[in-house]
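Residue 34 in our numbering sits at position 32 of the sequence shown; the count goes up by one each step and never skips. Ideal Cβ positions, reconstructed from N, Cα and C, are used throughout, including at glycine. Have a look at the structure below before the remarks.
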Amino acid sequence: MVKLKKRKKSSRNRGNTSFRGARKKARGKGHKGGKGMSGSGKRADQKKTYIFRYKHPYFGRAGRKRTRKRENKINVGTINDNLENFVNNGRAEKGKGYKIILKDYKVLGNGEIEKSVEVHASSFSKLAKEKIEKAGGKAVDLRSSNKKSEK
3 MVKLKKRKKS
13 SRNRGNTSFR
23 GARKKARGKG
33 HKGGKGMSGS
43 GKRADQKKTY
53 IFRYKHPYFG
63 RAGRKRTRKR
73 ENKINVGTIN
83 DNLENFVNNG
93 RAEKGKGYKI
103 ILKDYKVLGN
113 GEIEKSVEVH
123 ASSFSKLAKE
133 KIEKAGGKAV
143 DLRSSNKKSE
153 K
């Protein structure tokens with residue numbers, strides 16, 4: 003019996019490591035690059051574990067990093083307890099009452115205040131404003147006063 007169709011040689015090589023060329027490009031480490039970041043292009047899957055572990059933001063677009071401006075916070079009770087310290091540090095002036103300037107601070111309403119105090123701060127909570135005014139003091143919001151002066 004004579005063969006009518008000869009089997010292709012390439013079909014015998016499927017699954018063989020030398021299939022489609024036993025050249026360096028197709029073998030082992032040939033085109034994967036050397037040490038460091040060489041060969042870490044588009045299809046550098048063999049280096050991704052290294053990149054994720056040690057050079058994390060290597061892939062992807064570096065966008066704008068948003069940083070929240072953190073406001074310092076202080077309680078009404080803390081102000082009451084540290085009035086003399088504020089005067090010594092130059093944050094407060096003593097006259098009939100106390101005039102305290104707390105730039106970049108938000109005053110919160112935890113604690114009690116006994117003396118009449120004029121507090122200048124960047125913002126106040128509702129409760130803090132109520133407590134300061136109840137004690138005969140004054141709460142001056144620096145942000146709103148700056149906006150009024152600009153207009």
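Limits of the unbroken alpha helix (DSSP H) element including residue i
{"i": "K11", "result": "K11 to R14"}
{"i": "E120", "result": "Segment V119 to F126 is the beta strand (DSSP E) holding E120; no alpha helix (DSSP H) there."}
For residue i, the nearest candidate out of the options (CA to CA)
{"i": "I76", "options": "K133, K108 and I115", "result": "K108"}
{"i": "K133", "options": "K11, I115, T51 and M39", "result": "I115"}
{"i": "E135", "options": "A46, V78 and V89", "result": "V78"}
{"i": "G113", "options": "R55, V4 and T80", "result": "T80"}
Proximal residues to residue i (C-beta, below 8 Å), its chain only, five neighbours per side dropped
{"i": "S127", "result": "K108, V109, L110 and G111"}
{"i": "V142", "result": "E120, V121, H122 and A123"}
Contact check, residue i vs residue j, beta carbons under 8 Å
{"i": "E120", "j": "G139", "result": "yes"}
{"i": "D106", "j": "N82", "result": "no"}
{"i": "L144", "j": "A123", "result": "yes"}
{"i": "I53", "j": "S42", "result": "yes"}
{"i": "V89", "j": "K96", "result": "yes"}
Sequence-distant residues of the same chain with beta carbon closer than 6 Å to residue i, five excluded per side
{"i": "Y100", "result": "L85, A94 and V119"}
{"i": "L104", "result": "A123"}
Contacting residues, own chain, Cβ-Cβ under 7 Å from residue i (five flanking each side not counted)
{"i": "S125", "result": "K108, D143 and R145"}
Identity of the residues DSSP links to residue i by a beta bridge
{"i": "I134", "result": "None, per the DSSP bridge assignment."}
Span of the beta strand (DSSP E), counted from its first residue to its last, around residue i
{"i": "I115", "result": "Looking at the DSSP string, I115 is not in any beta strand (DSSP E), and its letter there is neither H nor E."}
{"i": "D143", "result": "K140 to D143"}
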